[in-house]
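Asks: One structure follows; several queries about it will come next.
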Amino acid sequence: MRVVIVTESFPPDVNGVAHCALQTARHLVDRGHIPVVVAPAPAPGHKPDAFAPCPVVHVPSLPLPGYPQVRVALPSRRLAAALVEHRADVVHLAGPFVLGVRGMAAAARLGIPAVAVYQTDLAGYARTYMGAGEAAAWRRIRSVHGAADLTLAPSSAALHDLETHGVPRVELWPRGVDTERFRPDRRDEALRRELAPNGELIVGYVGRLAPEKQVELLAGVCGLEGVRVVVVGDGPSRPGLEQALPGAVFLGRRTGDDLARVFASFDVFAHTGPFETFCQTVQEAMASGLPVVAPAAGGPLDLVAHGHTGLLVPPRDATAVRDAVRSLAAAPALRAAFGAAGRATVEGRTWAAVGDRLIGHYTAVLAGRRTAVAA
615 MRVVIVTESF PPDVNGVAHC ALQTARHLVD RGHIPVVVAP APAPGHKPDA FAPCPVVHVP
675 SLPLPGYPQV RVALPSRRLA AALVEHRADV VHLAGPFVLG VRGMAAAARL GIPAVAVYQT
735 DLAGYARTYM GAGEAAAWRR IRSVHGAADL TLAPSSAALH DLETHGVPRV ELWPRGVDTE
795 RFRPDRRDEA LRRELAPNGE LIVGYVGRLA PEKQVELLAG VCGLEGVRVV VVGDGPSRPG
855 LEQALPGAVF LGRRTGDDLA RVFASFDVFA HTGPFETFCQ TVQEAMASGL PVVAPAAGGP
915 LDLVAHGHTG LLVPPRDATA VRDAVRSLAA APALRAAFGA AGRATVEGRT WAAVGDRLIG
975 HYTAVLAGRR TAVAA
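Following my numbering, the numbering of the sequence shown begins with 615 at its first residue and continues without gaps.
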């Protein structure tokens, strides 16, 4: 199968869309298919990922105002040219927003089936950044995804939202996790002594530092005796969070095996964002053998079994986050049991298994097109 992956983000970017697009391309190559990636060009001075498994076509891009870590693609003929030159059988649209919308239009003009992967809660972002605009965001989502042959939702909550707002032809497609990279035996006692020199319980957060992640909800955790909060990631909210989270350690961006070592060196993983369509860092924490505290909203509802692998708390409730961490801090045996159960839960969620499900969706879409043409 010849596949063009049109993605709003790709390494060296570090986010869920970029990571999923990379893993998809790798799996397609591993299974003998022929992918090409079309993505916004990275910022000047940032080299594209040298380990990309297939050709990458970069289109011109500019930084998003107020959030320069995000690049927005400019209009370019390279996108349509890539679809034609690659002789695409199917177009995979990863989190279509700007470049993906153009990819959808180009696929429609050329008669190529399109599979759209829903990855970003645009409606939630509209509420966070603009205080309004949720209805407009859903109109855009319906327009884009309604034109696709199939939309893939990463969680049952996302699937319900899409269907409730009138998006047709939606199926569930979750995300995989690298259980070889993220595992409990990467725990590093030297790193733990560096982060918590007095033997504190280490509560970690990993992700973008942006308003929608609501990392400031960890402020109460910072006030717990014998607890050290460690924040991994970067973004526009970092300066404010350094003031809002007294005593927290900010490690900045970490990737690869270094990130896995940090994960495994935590005692508890706490996620705060209420707008996650999936929440890959929760899976990585579970693979690392950690108990998880997360909001009872969006993707974490599928991932965290309350009272078995972690604790789900009401969204946007700083007191609930603090109290959940306090209860785990006082119960080492419970932390160990939650962590072991979490690891066991994700061991079968490999990218290979998830990738094969994706190829099955491609195959079904292509068969549907052939049936429609024959009719």
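For every residue, glycine included, the Cβ atom is placed at its ideal position computed from N, Cα and C.
Applying the criterion that 16 or more other CB atoms from any shown protein chain within 10 Å of the CB defines a buried residue, is residue 812 buried or exposed?
Replies: Looking at its Cβ environment, which holds fewer than 16 other Cβ atoms inside 10 Å, residue 812 is exposed.
Asks: Using the Cα positions of residue 621 and residue 823, report the straight-line distance between them to the nearest angstrom.
Replies: The straight-line gap from Cα to Cα measures roughly 22 Å.
Asks: How about the stretch 677–687 and the stretch 634–649: do they share at least three Cβ pairs that are nearer than 8 Å?
Replies: No: the two stretches stay apart, fewer than three of their Cβ pairs being nearer than 8 Å.
Asks: Is residue 649 buried or exposed, if buried means 16 or more other CB atoms sit within 10 Å of its CB?
Replies: The residue is buried, with at least 16 neighbouring Cβ atoms inside 10 Å.
Asks: Is the Cβ of residue 828 closer than 7 Å to any Cβ of chain D?
Replies: Checking the listed chains, one finds no chain D in this structure; it contains a single protein chain.
Asks: Quick one: which unbroken beta strand (DSSP E) runs of 3-plus residues sit fully inside the stretch 830–856? Chain order, please.
Replies: Within the stretch 830–856, the complete beta strand (DSSP E) runs of at least 3 residues are 841–846.
Asks: Among all the DSSP beta bridges, which residues are the ones paired with residue 660?
Replies: Beta-bridge pairing links residue 660 to no other residue.
Asks: Have a look at residue 679 and residue 825 and give me their C-alpha separation to the nearest angstrom.
Replies: Residue 679 and residue 825: Cα-Cα distance of roughly 15 Å.
Asks: Give the secondary structure of residue 726 by DSSP, where H, G and I count as helix, E and B as strand, and everything else as coil.
Replies: Note: residue 726 maps to coil in three-state DSSP.
Asks: Just to confirm before moving on: does the CB-CB distance between residue 888 and residue 911 stay below 7 Å?
Replies: A contact, by the Cβ cut-off of 7 Å.
Asks: Hey, residue 729 and residue 704 are a contact pair by Cβ (cut 8 Å); roughly how many whole angstroms apart?
Replies: Contact holds; Cβ gap of about 6 Å.
Asks: Within the stretch 755–818, note down every full alpha helix (DSSP H) run reaching 4 residues or more, in order along the chain.
Replies: Whole alpha helix (DSSP H) segments, 4+ residues: 770–778, 803–809.
Asks: Whole angstroms are fine: how far does the CA of residue 675 sit from the CA of residue 708?
Replies: Going by the C-alpha atoms only, they are around 17 Å apart.
Asks: Once the 5 residues before and after residue 765 are set aside, which same chain residues still bring their CB inside 7 Å of it?
Replies: Answer for residue 765: 730, 732, 759, 776, 781, 783, 784, listed in chain order.
Asks: Between residue 904 and the ligand PLP, is the CB less than 6 Å from at least one heavy atom?
Replies: No copy of the ligand PLP appears in this structure; indeed no ligand is present at all.
Asks: Out of 805, 883, 853, point me to the one whose CA is closest to residue 835's CA.
Replies: When only C-alpha atoms are compared, the closest one is 883.
Asks: With distance defined between alpha-carbon atoms, name the residue in 616, 635, 768, 615 nearest to residue 623.
Replies: Among 616, 635, 768, 615, the Cα nearest to that of residue 623 belongs to 635.
Asks: If you count every other CB in all the chains shown that lies within 10 Å of the CB of residue 793, and 16 or more means buried, which is it?
Replies: When all chains shown are included, residue 793 counts as buried.
Asks: Residues in the same chain with beta-carbon distance under 7 Å from residue 722, minus the five sequence neighbours each way, listed in chain order, please.
Replies: Answer for residue 722: 761, listed in chain order.
Asks: DSSP state of residue 873, grouped into three classes?
Replies: Correct three-state label for residue 873: helix.
Asks: Given this structure, state the Cα-to-Cα distance separating residue 710 from residue 845, to the nearest angstrom.
Replies: Answer to the nearest angstrom: the Cα atoms are 29 Å apart.
Asks: When the Cα atoms are used, what is the spatial distance from residue 978 to residue 696?
Replies: Answer to the nearest angstrom: the Cα atoms are 24 Å apart.
Asks: Is the separation between the beta-carbon of residue 855 and that of residue 829 shorter than 7 Å?
Replies: Cβ distance < 7 Å, so residue 855 and residue 829 count as in contact.
Asks: Three or more C-beta pairs under 8 Å: does that hold for the stretch 912–924 against the stretch 895–903?
Replies: With a cut-off of 8 Å, the stretch 895–903 and the stretch 912–924 count as touching, because enough Cβ pairs lie within range.
Asks: Residue 767: buried (16+ other C-beta within 10 angstroms of its C-beta) or exposed?
Replies: Residue 767 comes out buried.
Asks: Taking the alpha carbon of residue 753 as the point to measure from, which residue in 858, 808, 779, 928 has its own alpha carbon closest?
Replies: Residue 779 is the option with its Cα nearest to residue 753.
Asks: What are the start and end residues of each continuous alpha helix (DSSP H) run of 4 or more residues lying completely inside the stretch 907–967, in chain order?
Replies: Complete alpha helix (DSSP H) runs here, min 4: 914–917, 932–943, 946–960.
Asks: What's the C-alpha gap between residue 757 and residue 750?
Replies: Rounded to the nearest angstrom, the two C-alpha atoms are 11 Å apart.
Asks: Can you name the start and end residues of the beta strand (DSSP E) that residue 638 belongs to?
Replies: Here residue 638 belongs to no beta strand (DSSP E); instead the alpha helix (DSSP H) covers 630–644.
Asks: Quick check: the Cα distance between residue 927 and residue 939, rounded to an integer number of angstroms?
Replies: Cα-Cα distance, rounded: 11 Å.
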